[in-house]
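Working notes, structure below.
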Amino acid sequence: MASSVLRVAIVLLSVAVFFGVAAGGKPLVVSHDGRSLLLDGRRRIIISGSIHYPRSTPE
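Have a look at this one:
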């Protein structure tokens, strides 16, 4: 049992590494300046929200 789990883990890791190398992209530098994310020095503002469904419908 443990042998098959280890084998599956090794195969999945190998596939992940292969596709990571095959993508060939350079590493992305991620930082922040207090207001937004900086991806490779370019500002990216992430706007998100959520809804609490039970509070959004009339009672």
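Heads up: the sequence shown is residues -24 to -1, 1 to 35, going by mature numbering (1 follows the signal peptide of the UniProt record, and there is no 0). Even for Gly, the Cβ is constructed at its ideal location relative to N, Cα and C.
Cα-Cα separation between residue i and residue j, rounded to whole angstroms
{"i": "residue 2", "j": "residue 19", "result": "18 angstroms"}
{"i": "residue 30", "j": "residue 23", "result": "23 angstroms"}
{"i": "residue 21", "j": "residue 7", "result": "12 angstroms"}
{"i": "residue -6", "j": "residue 14", "result": "25 angstroms"}
{"i": "residue 28", "j": "residue -14", "result": "41 angstroms"}
{"i": "residue 32", "j": "residue -18", "result": "48 angstroms"}
According to DSSP, residues forming a beta bridge with residue i
{"i": "residue 20", "result": "13"}
{"i": "residue 7", "result": "14"}
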